[in-house]
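Taking this note's numbering, the leading residue of the sequence shown gets 411, the next gets one more, and so forth.
Worksheet for the structure shown next.
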Amino acid sequence: MAQQYPEWIWQNGSIKPWAEATTHVMSHALHYGSSVFEGIRSYATPDGAAIFRLTDHLNRLYMSAKIYDMALPYTADELAAACREVIKRNGLGASYLRPLAYRGLGGFGLSAETPIDMAVAAWPMGPYLGAEALQNGIDACVSSWQRFAPNTIPAGAKAGGNYLSGQLIAREARRLGFGEGIALASTGLLSEGAGENLFLVFDGVLHTPPASASLLTGITRNTLMTLAREDGIEVVERDIPREYLYLAEEVLMCGTAAEITPIRSVDGKQVGTGKAGRVTLRLQELFFGLFDGRTHDKWGWLEQV
Numbered sequence: 411m412a413q414q415y416p417e418w419i420w421q422n423g424s425i426k427p428w429a430e431a432t433t434h435v436m437s438h439a440l441h442y443g444s445s446v447f448e449g450i451r452s453y454a455t456p457d458g459a460a461i462f463r464l465t466d467h468l469n470r471l472y473m474s475a476k477i478y479d480m481a482l483p484y485t486a487d488e489l490a491a492a493c494r495e496v497i498k499r500n501g502l503g504a505s506y507l508r509p510l511a512y513r514g515l516g517g518f519g520l521s522a523e524t525p526i527d528m529a530v531a532a533w534p535m536g537p538y539l540g541a542e543a544l545q546n547g548i549d550a551c552v553s554s555w556q557r558f559a560p561n562t563i564p565a566g567a568k569a570g571g572n573y574l575s576g577q578l579i580a581r582e583a584r585r586l587g588f589g590e591g592i593a594l595a596s597t598g599l600l601s602e603g604a605g606e607n608l609f610l611v612f613d614g615v616l617h618t619p620p621a622s623a624s625l626l627t628g629i630t631r632n633t634l635m636t637l638a639r640e641d642g643i644e645v646v647e648r649d650i651p652r653e654y655l656y657l658a659e660e661v662l663m664c665g666t667a668a669e670i671t672p673i674r675s676v677d678g679k680q681v682g683t684g685k686a687g688r689v690t691l692r693l694q695e696l697f698f699g700l701f702d703g704r705t706h707d708k709w710g711w712l713e714q715v
C-alpha cells in the first residue's frame, strides 16, 4: 500500500504543502548524517488533542544539537507552536510528530559551515511494531550488531547518524523473522533495542540498563520509571548480562513509537508465560491511562494542542 502523506508540513518558519518541503541533494546531512530529531506523539484525550511531554522532547532536541555544535535558528516556543500548527492544519488528533534539524547546503567538508534547516512533520501512526504487538507481544532476537562504544559516537544525542546502527539491528531481525532486534553494548552487556529502551522484571522489580550502556535515555523510559515508582514498583538501573533476557519473568520495550510492547520470546526462548506479565500490564494501564483520564497527570506531561 502506498504511503499516504499529510497535506501540510512546517519547514524553516512556515507551513507549506508537503511536496514543497524540499532540500538540495548536496545538503550536508544527506551525505554525513548531520541531523538531530525527536519523535513525539499526540493523543486524543477527554480535553482534546494533547502532545505528550512536548517540552521535554524539545529540550532534548536542543541538547542533541549542542553536542553536535548545531545552533538551532528557532526558539523552543517557536518549535512548540510549529508542532501544534501542523497537527491543526492537517486535522489530526492522535498523531506522530517529527521535529528535525539538519545541516543544509553549504560547504562540502566534514566540518564545513552550513545553514541549519528545520522541519516539523505530523502524521497518523498506529503501534510501531504492529497492531497486535501491544497486546500479544513480539518475538525478539539479540542482534549480531553491537551498539557503538563509549567515546566514539555520543549515544546520548538523538542524531540521525546514530540510527544507522538501529537500521542494521532492525533489518537483521526482520530478515530472520523476528519482530525486533536487541543490541548489546561494546561490553557485551545489554544496551537497548533498535530504537527502544529495555526493561526486565525479576521478582516484581523493574530492571533497566544504565545510560553508560550506549543507549539513549528515552523520555518514555523516564515516564515508565516515574509511573512505576509512583505505583510502588521498585526500579533498578544496572548492568544486565545477555542471558538474563532468558531468565526474566517479563521483558518489555518502550519508546515513543513502540509505546509499551511486551516481548514474549528472545532468541526463540519463551519469556515468562509467553505473554504480557503483571508488571507490564500495570505499566500499560498507567501509561495509557494518562490519555483517557485514569492516571492523573500530576507532572504536567500533557500539553494541549
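A virtual CB, placed ideally from N, CA and C, is assigned to each residue, including glycine.
Note that this is a predicted model, so its numbers are computed, not measured.
Mark residue i as exposed unless 16 or more other C-beta atoms lie within 10 angstroms of its C-beta, in which case mark it buried.
i, result
"GLU523", "exposed"
"THR690", "buried"
"HIS467", "buried"
"GLY536", "exposed"
"ASN561", "exposed"
"PRO509", "buried"
"ARG494", "buried"
"HIS617", "buried"
"MET473", "exposed"
"GLU640", "exposed"
"PRO456", "exposed"
"PRO619", "buried"
"LEU520", "exposed"
"ARG470", "buried"
"THR633", "buried"
"PRO672", "buried"
"GLY603", "buried"
"ARG717", "A query on residue 717 cannot be resolved here, the shown segment of the chain reaching from 411 to 715 and no further."
Put residue i into one of helix, strand or coil per three-state DSSP.
i, result
"LEU634", "helix"
"ASN500", "coil"
"GLY576", "helix"
"TRP418", "strand"
"ALA565", "coil"
"ILE650", "coil"
"LEU489", "helix"
"GLU523", "coil"
"ALA593", "strand"
"GLY517", "coil"
By Cβ distance, which residues of its chain are closer than 8 Å to residue i, with the 5 residues on each side in sequence left out?
i, result
"MET436", "LEU515, PHE518"
"ASN500", "PRO416, GLU417, TRP418, ALA532, TRP533"
Looking only at its chain, what residues have a beta carbon closer than 6 Å to the beta carbon of residue i, apart from the 5 residues adjacent to it on each side?
i, result
"SER444", "HIS438, ARG513"
"ALA621", "THR627"
"ALA567", "SER474, ILE477"
"GLY682", "GLU659, GLU660"
Just to confirm the assignment, what range does the beta strand (DSSP E) spanning residue i have?
i, result
"ALA532", "526-533"
"GLU644", "Element bounds for GLU644: n/a, residue is neither H nor E."
"LEU712", "712-714"
"LYS708", "That residue, LYS708, is in no beta strand (DSSP E); it is neither H nor E in DSSP."
"HIS434", "Note, HIS434: premise wrong, no beta strand (DSSP E); not H, not E."
From what residue to what residue does the alpha helix (DSSP H) around residue i run?
i, result
"GLY699", "688-702"
"ASP466", "464-477"
"HIS438", "438-442"
"GLN545", "543-546"
"LEU657", "654-657"
Using a Cβ-Cβ cut-off of 7 Å (strictly less than) and excluding sequence neighbours within five positions of residue i, which residues of its own chain qualify?
i, result
"LYS679", "TYR656"
"PHE588", "ASP549, ALA550, CYS551"
"LEU539", "ILE548, GLY589, GLU590, ALA668, THR671"
Of the choices the options, whose alpha-carbon is the least far from that of residue i?
i, options, result
"TRP420", "GLU582, ALA532, LYS685, PHE698", "ALA532"
"GLY614", "MET528, GLY570, ARG688, ILE526", "ARG688"
"GLU660", "GLY591, PHE462, ALA638, LYS685", "LYS685"
"LYS426", "VAL496, GLY642, GLY703, TYR573", "VAL496"
"LEU712", "ARG463, ASP702, TYR538, GLU488", "ARG463"
"ILE650", "ILE670, SER624, ILE629, ALA667", "SER624"
"VAL645", "ARG692, SER596, MET635", "MET635"
What do you reckon, is the C-beta of residue i under 6 Å from a heavy atom of the ligand ZN?
i, result
"VAL681", "In terms of ligand content, the structure shown is empty, and the ligand ZN therefore cannot be addressed."
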